[in-house]
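In our numbering, the protein residues as written are 86 to 325. C-beta: ideal position from N, C-alpha, C; glycine also.
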Ligand code: 16G
């Protein structure tokens, strides 16, 4: 497993080895990682090297530390492809997870100028302001704020917002969701966001802003999503 004659650094070999055990399920989420000295003795490497490997795995989110308790295996991250315009509900179902929403806010408000501009409607036109915690198997994954023109989404109810907005837009309103632009940035959870997502204030999150369009280019929704960086990663296939 650890080859001292290899030009590959020892910490990296150990890091990849532990990562492999996690990926194969031989180390399960929540399981305690054996102590550093055990690895050091077993592979005849220094504890510094073991610590370096473990630090890397903590930084990458494969492991987490709990003060005074030890190092544990993290829950597996959801890998979301960046191609394809899908909904949260579709993404979770495709993975065999049960999608859910917890409504935090639901109100019709007059569109403030920056939002109106983006939705190409006049300022103060009524829009839905919807904030939901998005759940996978009951666990909070993301916090999502949608702005949708009330004129477009007539009769949108709290019940619908608790389910799938895309199902409603396409199934009920018969509006074809065609394309979107999406910007992803790193960020940290504010106090309120952290409380809703059940993570620590200041924990890393991904801020995703999506603007979705109908076929003729009319904007349908403006969405700000805060995704937990400890539970999500994004994947894109590149071709040259
Ligand atoms: C996803 C979209 C969001 C959309 C929602 C609809 C991202 C970053 N955002 O969360 O823009 O409003 O799906 O989901 O993927 P729903 O149909 O389950 O309500």
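9 Å Cβ cutoff met for residue i and residue j
{"i": "residue 295", "j": "residue 308", "result": "yes"}
{"i": "residue 246", "j": "residue 211", "result": "no"}
{"i": "residue 115", "j": "residue 160", "result": "yes"}
{"i": "residue 267", "j": "residue 204", "result": "no"}
{"i": "residue 258", "j": "residue 310", "result": "no"}
{"i": "residue 274", "j": "residue 262", "result": "no"}
{"i": "residue 117", "j": "residue 156", "result": "yes"}
Buried versus exposed, by CB contacts within 10 Å (16 or more), residue i
{"i": "residue 150", "result": "exposed"}
{"i": "residue 226", "result": "buried"}
{"i": "residue 139", "result": "buried"}
{"i": "residue 280", "result": "exposed"}
{"i": "residue 209", "result": "exposed"}
{"i": "residue 202", "result": "exposed"}
{"i": "residue 98", "result": "buried"}
{"i": "residue 233", "result": "buried"}
Minimum C-alpha distance to residue i - residue among the options
{"i": "residue 129", "options": "89, 165, 137 and 119", "result": "89"}
{"i": "residue 293", "options": "246, 121, 319 and 93", "result": "319"}
{"i": "residue 253", "options": "305, 182 and 140", "result": "305"}
{"i": "residue 297", "options": "172, 104 and 101", "result": "172"}
{"i": "residue 243", "options": "258, 96, 214 and 102", "result": "214"}
{"i": "residue 104", "options": "145, 122, 251 and 218", "result": "145"}
{"i": "residue 165", "options": "238, 239 and 269", "result": "269"}
{"i": "residue 192", "options": "156, 136 and 241", "result": "241"}
{"i": "residue 147", "options": "113, 131, 126 and 121", "result": "113"}
{"i": "residue 184", "options": "276, 291, 248 and 321", "result": "248"}
{"i": "residue 102", "options": "142, 126, 122 and 131", "result": "142"}
Alpha-carbon to alpha-carbon, residue j and residue i
{"i": "residue 255", "j": "residue 198", "result": "27 Å"}
{"i": "residue 323", "j": "residue 170", "result": "17 Å"}
{"i": "residue 93", "j": "residue 106", "result": "19 Å"}
{"i": "residue 111", "j": "residue 187", "result": "34 Å"}
{"i": "residue 96", "j": "residue 153", "result": "24 Å"}
{"i": "residue 206", "j": "residue 196", "result": "8 Å"}
{"i": "residue 282", "j": "residue 218", "result": "7 Å"}
{"i": "residue 86", "j": "residue 302", "result": "55 Å"}
{"i": "residue 179", "j": "residue 134", "result": "39 Å"}
{"i": "residue 182", "j": "residue 221", "result": "6 Å"}
{"i": "residue 100", "j": "residue 312", "result": "26 Å"}
{"i": "residue 299", "j": "residue 260", "result": "7 Å"}
{"i": "residue 119", "j": "residue 314", "result": "25 Å"}
{"i": "residue 250", "j": "residue 124", "result": "49 Å"}
{"i": "residue 108", "j": "residue 230", "result": "33 Å"}
{"i": "residue 286", "j": "residue 271", "result": "15 Å"}
{"i": "residue 91", "j": "residue 177", "result": "41 Å"}
{"i": "residue 131", "j": "residue 162", "result": "30 Å"}
**Asked** What are the uninterrupted segments assigned as alpha helix (DSSP H) that are 4 or more residues long and contained completely in the segment 119-158, given in chain order?
**Response** Runs of the alpha helix (DSSP H) inside the segment 119-158: 121-128 and 132-144.
**Prompt:** Can you list the beta strand (DSSP E) stretches of 3 or more residues lying completely in the segment 228-291, in chain order?
**Reply:** When DSSP assignments are scanned along the segment 228-291, the uninterrupted stretches of beta strand (DSSP E) that are 3 or more residues long and fall wholly within it turn out to be 264-273.
**Prompt:** Which whole runs of the beta strand (DSSP E) in the segment 163-234 are 3 residues long or more, in chain order?
**Reply:** Segments of the beta strand (DSSP E) lying fully in the segment 163-234: 163-166, 184-195, 211-221 and 224-234.
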